[in-house]
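Novice:
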Ligand code: ADP
Ligand code: MG
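Numbering (UniProt numbering), first residue to last: 1 to 270.
(1) Sort 206, 105 and 246 by Cα distance to residue 154 and report the nearest one.
(2) Give the DSSP-derived three-state secondary structure of residue 12 in the structure shown.
(3) Using a 10 Å radius around the Cβ and a threshold of 16 neighbouring Cβ atoms, would you call residue 171 buried or exposed?
(4) Grab me the residues of residue 307's own chain with a C-beta within less than 6 Å of its C-beta, minus the 5 sequence neighbours each way, in chain order.
(5) Drop a sphere of 10 angstroms on the beta-carbon of residue 37, count the other beta-carbons inside from all chains shown, and report buried for 16 or more, exposed for fewer.
(6) Excluding the 5 residues preceding and the 5 following residue 23 in the sequence, name in chain order all residues of the same chain whose CB lies nearer than 8 Å to its CB.
(7) Using the Cα positions of residue 148 and residue 94, report the straight-line distance between them to the nearest angstrom.
(8) Does residue 192 pass the burial test, meaning 16 or more other C-beta atoms within 10 Å, or should it be called exposed?
(9) Could you give the C-beta distance for residue 63 and residue 72, rounded to a whole number, given that I count them as a contact under 8 Å?
(10) Counting along the chain, where does the beta strand (DSSP E) carrying residue 233 start and finish?
(11) Less than 6 Å separating the Cβ of residue 64 from some heavy atom of the ligand MG?
(12) Going by the C-beta, is residue 231 closer than 6 Å to any heavy atom of the ligand ADP?
(13) Measuring only from the beta carbon, is residue 253 closer than 6 Å to any heavy atom that is part of the ligand ADP?
(14) Looking at the secondary structure, which residues open and close the alpha helix (DSSP H) in which residue 130 lies?
(15) Please return the same chain residues whose Cβ sits closer than 6 Å to the Cβ of residue 175, not counting the five positions on each side in sequence.
(16) Heavy atom of the ligand ADP less than 6 Å from the Cβ of residue 34, yes or no?
(17) For residue 30 and residue 76, which I take to be in contact (beta-carbon distance under 8 Å), what is that distance rounded to the nearest angstrom?
(18) Rounded to a whole number of angstroms, what is the C-alpha to C-alpha distance between residue 1 and residue 249?
(19) How would you call residue 206, buried or exposed, if buried means at least 16 neighbouring beta carbons within 10 angstroms?
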C-alpha cells in the first residue's frame with residue numbers, strides 16, 4: 001500500500017497534475033483493443049510543441065488507432081491521454097483531425113463549403129446560425145488549400161487530392177492548436193502534396209503542433225522534426241536526425257521492410 005502511494009507521488013512530480021503542459025499530446029500506458037489482441041499496448045509518447053511529428057510503422061501497427069484513441073473516438077482499455085497537460089476531454093476544442101481519406105463516406109451528399117463549415121460546429125453550436133464571418137472564415141480556409149473555386153461542388157465529385165485539401169481546410173477552419181492527420185499524403189498528386197506540406201509548415205511557423213501518420217519513409221527527413229515509431233508497442237521516439245535510423249526502422253518493421261529500402265534510407269539519413 002505504501003508503495004502505491006510512493007509511485008503515485010513520483011508520477012505526479014514527474015508529469016505535473018494533469019500531465020506535461022508543454023506537450024500537445026502525451027500518452028501514458030495507452031492500451032487499446034478491438035478484441036482479444038491489443039492494437040496498442042502500454043504506449044508512452046510525448047510529442048513536442050510547435051513541431052511537425054510523424055507517426056511511423058507498418059500496416060496494422062496501430063497508427064490510426066493511436067490518433068482515434070487520442071481523440072476519444074475509440075475507448076481505451078487503460079492509460080492516459082493529455083493534451084497540453086489537460087485530459088483530452090477538456091482540450092477537445094484545441095484539436096483538429098483529418099481522418100484517413102479511405103475511411104470517409106464520399107457519397108454523402110454535401111458541398112465543399114458545408115464540409116468546411118462542419119469544422120466550425122463545435123464553436124458555433126449545433127443550431128448556431130452560420131454568420132457571414134463564419135462563411136468568410138471557411139472560404140479563407142479553402143483559399144489556403146487552393147480550393148476557393150470549389151465551394152459549391154459536391155464532395156463526391158472531387159479527385160482524391162481535392163478531397164484531401166477540403167478536409168485540411170475543414171481542420172484549418174477549426175483554428176486549433178494541435179492538428180492530427182492520418183496519412184494526409186496517401187494517394188494525392190504531387191501538387192497536392194506540395195500544397196499540403198506548405199500549409200502544415202505554415203501552421204508550424206505559427207507555433208501550432210502537427211502530428212501526422214506518415215507512410216512514405218523517403219520524405220520523413222524533409223518534412224518532419226520528430227518521429228514516433230510504433231508497432232503495437234512504442235519502438236522509438238525523438239528528433240528525426242537521431243531517431244529515424246535504419247536500425248530503429250528494421251526493428252519497427254521486422255522483416256517487412258525490404259533491404260533495398262533500408263539501404264536507400266541509410267543513404268538519405270546518413
Ligand atoms: P494502422 O493505421 O497502423 O495501419 P490501425 O490502427 O488501423 O493500423 O489498426 C491496428 C490493428 O487493429 C489492425 O490489426 C487492425 O486490423 C485492427 N483494427 C483496426 N480497426 C478495427 C476495428 N474497427 N475493429 C477491429 N479491428 C480493428
Ligand atoms: Mg491507418
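Glycine included, each C-beta is placed from N, C-alpha and C at the ideal position.
Just so you know, these numbers come straight off a predicted model, no measurement behind them.
Specialist: In short, the structure shows the following:
(1) 105
(2) Its pLDDT being 36, under 50, residue 12 is placed unreliably in this model, and the coordinates cannot settle the point.
(3) buried
(4) Residue 307 lies beyond the stretch modelled for the chain, which goes from 1 to 270, so this question has no answer here.
(5) exposed
(6) 46, 47, 48, 49, 82, 84 and 85
(7) 25 Å
(8) buried
(9) About 17 Å; that fails the 8 Å criterion.
(10) 233 to 239
(11) yes
(12) no
(13) no
(14) First-last for residue 130: undefined, no H or E at that position.
(15) none
(16) yes
(17) 6 Å
(18) With a pLDDT of 35 at residue 1, under the threshold of 50, the modelled position of this residue cannot be trusted; read the value that follows with caution. So the alpha carbons of these two residues sit roughly 41 Å apart.
(19) exposed
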